[in-house]
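Engineer: Before I ask anything, here is the structure I am working with.
So, in structure tokens, the structure goes:
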């Protein structure tokens, strides 16, 4: 245990509530002087919410922030910057049409007789950048520099302005290997100067290459903070995706699920740049789980199966007959349904009522000329509001006013109303409260028992294990492994993901 | 004597010998604003006709409402070494440089239809109509026609703030002043369009006791008058009889209305600006007669007595 | 019954504003409300409002649907000019009335199809896509009329502009019937809901199986059709096609009508009836100004001032404030009642 005075930034008991969901729940986070600290977690785990609470972009609803021994309460990012916390984002938020020097000194240009002293500014800019081994003329326009150089300029500005804590939010997402190395060299130097660096990324190799400690968040909760050297990759993935290792839940019922005939068969199905060609078979009354890290091709798999993105290779069959799924409409005609991952942008029609949202897909399938009567819509809505326990004051309430879990249930209802035979659920339990969580899992199991075929994508491995008879493991936009029956356990899934990961790291 | 001066004097000699025939050898550049109205189209047609009948080689350039295009056209005329340039300037300012260039090249410039804010030694003359005078002619006709009887006049103005609207109103009011039997009771803009002319006339009729209190309509252009005539008819009154109609421009359609007895008089804004311009140019080329700086075109009054159908037939083909 | 009540509630602000504007004008000009029969047709300023407002009302019908899809159609004024010119050119070259009308309407729908393809297929922003035809359209119309006002004397075509049916001017009959027909079309079928869904969230609608591309194109075709009818009426009204001035700036009045009708420019929920009321509010103001006898220099200022006032009163903030005053007033009344 290191001494307390080594802590440069400490966040204790941070809480943040958004309408309908608790984004951060009693999260603790400590950053030491001279360390690079990775902040990891899946989408919606709360990484960016935590960072925004620290930089003042969000006002936290609870908890304490201590910087350099003094309690702080930044009202906005500028105040955080003044206090010593600088942030660099994936998309550089500098001004591309200004010069490098102007960007470095924007808002604090050296002045002479009230005018900007360009010569002095350029001189200081050169001095500032000299520490970064950057071969660039400070008078060039920022837009003509590479993204990596722009990143370094952004870092230089942030460090010069703030100088205590540097937050790097996915800085390497658009850099090549060489540029990443250049960036890491700079980060190591800053670290040696005693800066605390928070590093957010989803490249695990990079985490191990540069980070001293790792903090993992999941569902707005702190999973744990570990020394990177003492945390095997397998264990890290387990922390990010599921329960503790060894917690092997396996429901007997699912393991014995019927070995019925294959209903849906996809062969060599894929789309360049989205997902490599894969084979997939789904039986009647079967749940096929899809697991993988963020960016591994999970959502891409769902979109291509539903026709939201057109496949450019392979064939699809239902009951042995070839079908064409070139658009959601054709998929729906074959009784497919799809609950997308991003409810807000891809799922709900915010200003329409719960009733209309539930009736939408059925109405679209019937065509505009055959409207569902108001009475029928009311019955439909009432039935699913009761059946799925959608909590809303009445069916005419705009759906955007509902909580995340109830929105998710309404979208499920939208598909159930079409009487689907093949349902694709992308992260059905993300960002919703624990109660709704359990209800949706029960619903998935019920649907399966009724003979529906489902594909469920989830980063909650224990859930996947609970209802899936088979699990497809994805990595790097390709299907890399398939676990069936007895093999479906969290540890096997984690191993499959990590094995693939190691193979990649070894290359 | 150099060859050049010999040639020059030979030209002058020839010019003296053949008199008006000199126009026949002329090449004249014409920079037109564009074709934004029927009147403008008629002006272009008539300019071409006038040039042809005089044997002038006319180089035509359409500026599509842009001064820069006009300046470019004038420069290219200068480069081609034309004998004279006609310009219908789209705006009043910004002409000094290009006009100086023409002057330096000894090419006379004549302004058509509009004037510019430039020293008047930079152009030979300007051929324009007098907008105030047009309004005055219309007013005088009305004063004479009602002959002392009390008469309430409604006025359809042109686009608010435009110089034709301001000047035609001014000239009409001047003609009416001192004749207390004539009174302008309503005056509203009809934007120079038929649709608005009709709509505004409808409101005049409603506001003035169903039109029974209106004795005459004065419209700043014929198009508004044509729209207003329809409104008067739809209100159950006889235009031209129950309500006198006088307007300005003399476009073909108003002559049809006059022939039908539905309009009484119109004042011509002649599209033939080029005729007087070519006349002045010929005289200038012939013996150096310098024309006055402003040549005012005739604002001719047409009434139902002037065989409107014949005028209509004449004007129909001009591209109005 | 309940649906009717909520419908009236939706239209309440527009109805109140229209009544207020009409009362204001009749205060200054008492004859405004007088109606009389003349030559078998109703005659009066109120009828003028309905009649003169016909083009904007028709444009507002199409514009409401386009705006509901989160689009906008700036080309309607120019399409009016094109269709008016087409109708005039067709009738003067000896074609039958039926052929002429069909041709003009088809041209309007073709213009809409062009806009729709730019927006739905090529994914060009609606304001840019329709700007193309707004700029080019008037030129096309001028080519057809050869720069002049193309006059015609066909009694049938003129009847559309100035004839009457059941005592009402034809343009009024046309926009009323067309407005009701389109309202029934979108509300008695599922079109209305699908258009609203598309306007609120196009991607989610596509993923739910809504044919968003087809719907978008259809919305612009409808707008083109509305512009065609408005263009025919405008030409028939003055017995001539004026390519330079027909429909000039009317796209802005149509958008304003939709906004005064309380529809959001961000798309989604829409009410055609409210937009039509909006068009009538605007026309009532126009006619009122003409009757008032103010010098024309004041026309635009007065119109702008009244419209700003209407928009302020309709703004959510002020509405909340009024509702709050309303509640506290009724509370006070209740308290007084108790004291008694």
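Chains as they are written, first to last, in the UniProt record's numbering: chain A, 1 to 507; chain B, 1 to 320; chain C, 1 to 340. Built from N, CA and C at the ideal position, the CB exists for glycine as well. Remember, predicted model here, so these are calculated numbers, not experimental data.
Does any residue of chain C have a CB that is nearer than 9 Å to the CB of residue 207 of chain B?
Structural biologist: By 1-based counting over the second chain, the position of residue 207 of chain B is 207. Chain C, which has a Cβ nearer than 9 Å to the Cβ of residue 207 of chain B, makes this yes.
Engineer: So which residues on chain B does residue 251 of chain C lean against when the C-beta distance must stay under 9 Å?
Structural biologist: Numbered from 1 along the third chain, position 251 holds the residue referred to as residue 251 of chain C. Near residue 251 of chain C there are no residues of chain B at all, since even the closest Cβ is about 15 Å away, more than 9 Å.
Engineer: Can you tell me where the alpha helix (DSSP H) holding residue 223 of chain C begins and where it ends?
Structural biologist: Counting from 1 along the third chain, the entry for residue 223 of chain C is found at position 223. Start and end: 212–237.
Engineer: Looking at the secondary structure, which residues open and close the beta strand (DSSP E) in which residue 294 of chain B lies?
Structural biologist: Locating residue 294 of chain B in the second chain gives position 294, where the first residue counts as 1. First-last of the beta strand (DSSP E) with residue 294 of chain B: 294–296.
Engineer: Taking the C-alpha atoms as reference points, what is the distance between residue 222 of chain A and residue 82 of chain A?
Structural biologist: Working through the first chain from its first residue, we reach residue 222 of chain A at position 222. Working through the first chain from its first residue, we reach residue 82 of chain A at position 82. Cα-Cα distance, rounded: 28 Å.
Engineer: Please report how far the alpha carbon of residue 353 of chain A lies from the alpha carbon of residue 238 of chain C, in whole angstroms.
Structural biologist: Reading the first chain from its first residue, position 353 is the one you call residue 353 of chain A. Reading the third chain from its first residue, position 238 is the one you call residue 238 of chain C. Distance between the alpha carbons of residue 353 of chain A and residue 238 of chain C: 47 Å.
Engineer: Quick one: what does DSSP say residue 362 of chain A is sitting in, helix, strand or coil?
Structural biologist: Taking the first residue of the first chain as position 1, residue 362 of chain A is located at position 362. Three-state result, residue 362 of chain A: helix.
Engineer: Just to confirm before moving on: does the CB-CB distance between residue 239 of chain B and residue 245 of chain B stay below 9 Å?
Structural biologist: The residue you call residue 239 of chain B lines up with position 239 of the second chain. The residue you call residue 245 of chain B lines up with position 245 of the second chain. Yes. Within cutoff.
Engineer: Label residue 178 of chain A either buried or exposed according to how many other C-beta atoms from any shown protein chain fall within 10 Å of its C-beta, with 16 as the threshold for buried.
Structural biologist: On the first chain, residue 178 of chain A is found 178 positions in, with the first residue counted as 1. Answer is exposed; the Cβ neighbour count stays below 16.
Engineer: Based on Cα-Cα distance, which residue from C:178, C:99 and C:73 lies nearest to residue 58 of chain C?
Structural biologist: Walking along the third chain from the start, residue 58 of chain C turns up at place 58. It is C:178.
Engineer: Tell me residue 401 of chain A's beta-bridge partners as DSSP assigns them.
Structural biologist: Stepping through the first chain from its first residue, residue 401 of chain A is reached at position 401. DSSP output for residue 401 of chain A lists no bridge partner at all.
Engineer: Rounding to the nearest angstrom, what Cα-Cα distance links residue 519 of chain A and residue 238 of chain A in this structure?
Structural biologist: Outside the displayed range of chain A (1 to 507) lies residue 519 of chain A, so it cannot be described from this structure.
Engineer: From the DSSP output, which residues share a beta bridge with residue 117 of chain A?
Structural biologist: Here residue 117 of chain A refers to the residue found at position 117 of the first chain. Answer is none; residue 117 of chain A lacks a bridge partner.
Engineer: Under 9 Å, Cβ to Cβ, is there at least one residue of chain C near residue 198 of chain B?
Structural biologist: Within the second chain, numbered from 1, the residue matching residue 198 of chain B stands at position 198. The beta-carbon of residue 198 of chain B is placed less than 9 Å from the nearest beta-carbon of chain C.
Engineer: Note down, in chain order, every chain C residue with its Cβ under 9 Å from the Cβ of residue 356 of chain A.
Structural biologist: As a first step, residue 356 of chain A is located in the first chain; it is residue number 356 there, counting from the start. By Cβ distance, chain C contributes 193, 196 and 197.
Engineer: By the criterion of Cβ-Cβ separation under 9 Å, what are the contact partners of residue 205 of chain C in chain A?
Structural biologist: Taking the first residue of the third chain as position 1, residue 205 of chain C is located at position 205. The contacting residues are 349, 360 and 364.
Engineer: At the level of alpha carbons, what is the spacing between residue 311 of chain B and residue 252 of chain B?
Structural biologist: For the purposes of this step, residue 311 of chain B is taken as the residue at position 311 of the second chain. For the purposes of this step, residue 252 of chain B is taken as the residue at position 252 of the second chain. Their backbone Cα atoms lie some 8 Å apart in a straight line.
Engineer: Quick one: does residue 341 of chain C have its CB under 9 Å from some CB of chain B?
Structural biologist: Any question about residue 341 of chain C goes unanswered here, given that chain C covers just 1 to 340.
Engineer: Please confirm if residue 369 of chain A has its CB atom under 9 Å from at least one CB of chain C.
Structural biologist: Within the first chain, numbered from 1, the residue matching residue 369 of chain A stands at position 369. It does: the Cβ of residue 369 of chain A has a partner Cβ on chain C nearer than 9 Å.
Engineer: Using 9 Å as the limit for Cβ to Cβ distance, is residue 3 of chain C near chain A?
Structural biologist: As a working note, residue 3 of chain C is residue 3 in the third chain. So yes, residue 3 of chain C belongs to the interface.
Engineer: Determine the chain C residues that contact residue 194 of chain B at a beta-carbon separation under 8 Å, and present them in chain order.
Structural biologist: Within the second chain, residue 194 of chain B is the residue found at index 194, counting from 1. What residue 194 of chain B touches in chain C: 149, 238, 240, 242 and 245.
Engineer: Quick one: which chain C residues come within Cβ less than 7 Å of residue 101 of chain B?
Structural biologist: The residue labelled residue 101 of chain B in the question sits at position 101 within the second chain. Residues of chain C passing the Cβ test: none, with the nearest at roughly 32 Å.
Engineer: What residues in its chain sit with their C-beta under 7 Å from that of residue 156 of chain A, if we drop five residues either side in the sequence?
Structural biologist: Residue numbering aside, residue 156 of chain A sits at position 156 when the first chain is read from its first letter. So the qualifying residues of the chain are 104, 128, 129 and 132.
Engineer: If you follow the alpha helix (DSSP H) that residue 154 of chain C is part of, which residue opens it and which one closes it?
Structural biologist: One-based indexing of the third chain puts residue 154 of chain C at position 154. Note, residue 154 of chain C: premise wrong, no alpha helix (DSSP H); not H, not E.
Engineer: Is the Cβ of residue 123 of chain C closer than 9 Å to any Cβ of chain B?
Structural biologist: One-based indexing of the third chain puts residue 123 of chain C at position 123. Closer than 9 Å: no.
Engineer: Considering only DSSP beta bridges, list what residue 321 of chain B is partnered with.
Structural biologist: What is shown of chain B runs 1 to 320, which leaves residue 321 of chain B out entirely.
Engineer: When you compare only the Cα positions, how much space is there between residue 311 of chain A and residue 235 of chain A?
Structural biologist: For the purposes of this step, residue 311 of chain A is taken as the residue at position 311 of the first chain. For the purposes of this step, residue 235 of chain A is taken as the residue at position 235 of the first chain. One C-alpha to the other measures close to 35 Å.
Engineer: Helix, strand or coil for residue 10 of chain A per DSSP?
Structural biologist: In the first chain, the residue the question calls residue 10 of chain A occupies position 10. Strand.
Engineer: With distances taken from CA atoms, which of C:315, C:319, C:110 and C:277 is nearest residue 20 of chain C?
Structural biologist: Counting from 1 along the third chain, the entry for residue 20 of chain C is found at position 20. Of C:315, C:319, C:110 and C:277, the residue nearest in Cα terms is C:277.
Engineer: I need the straight-line Cα distance from residue 205 of chain B to residue 257 of chain B, nearest angstrom please.
Structural biologist: Counting from one through the second chain, the residue named residue 205 of chain B turns up at place 205. Counting from one through the second chain, the residue named residue 257 of chain B turns up at place 257. About 20 Å.
Engineer: What residues are listed by DSSP as bridge partners for residue 312 of chain B?
Structural biologist: What you label residue 312 of chain B is simply residue 312 of the second chain in a count that begins at 1. Paired residue(s): none; residue 312 of chain B is not in a bridge.
Engineer: Using the beta-carbon of each residue, which ones in chain C are nearer than 7 Å to residue 234 of chain B?
Structural biologist: For the purposes of this step, residue 234 of chain B is taken as the residue at position 234 of the second chain. Going along chain C in sequence order, the residues near residue 234 of chain B (Cβ under 7 Å) are 162.
Engineer: Report whether the distance from the Cβ of residue 152 of chain B to the nearest heavy atom of the ligand HEM is below 8 Å.
Structural biologist: The ligand HEM is absent from the structure shown, which contains no ligand whatsoever.
Engineer: For residue 209 of chain C versus residue 121 of chain C, is the C-beta distance shorter than 9 Å?
Structural biologist: Working through the third chain from its first residue, we reach residue 209 of chain C at position 209. Working through the third chain from its first residue, we reach residue 121 of chain C at position 121. Not in contact: residue 209 of chain C and residue 121 of chain C (Cβ atoms no closer than 9 Å).
Engineer: Considering only the alpha carbon of each residue, which of B:209, B:263, B:65 and B:123 lies closest to residue 290 of chain B?
Structural biologist: Along the second chain, read from residue 1 onward, the residue named residue 290 of chain B stands at position 290. The shortest Cα separation from residue 290 of chain B among B:209, B:263, B:65 and B:123 belongs to B:123.
Engineer: Please state whether DSSP places residue 291 of chain A in a helix, a strand or coil.
Structural biologist: Residue 291 of chain A sits at position 291 when you count from the first residue of the first chain. For residue 291 of chain A, the secondary structure class from DSSP, reduced to helix, strand or coil, is strand.
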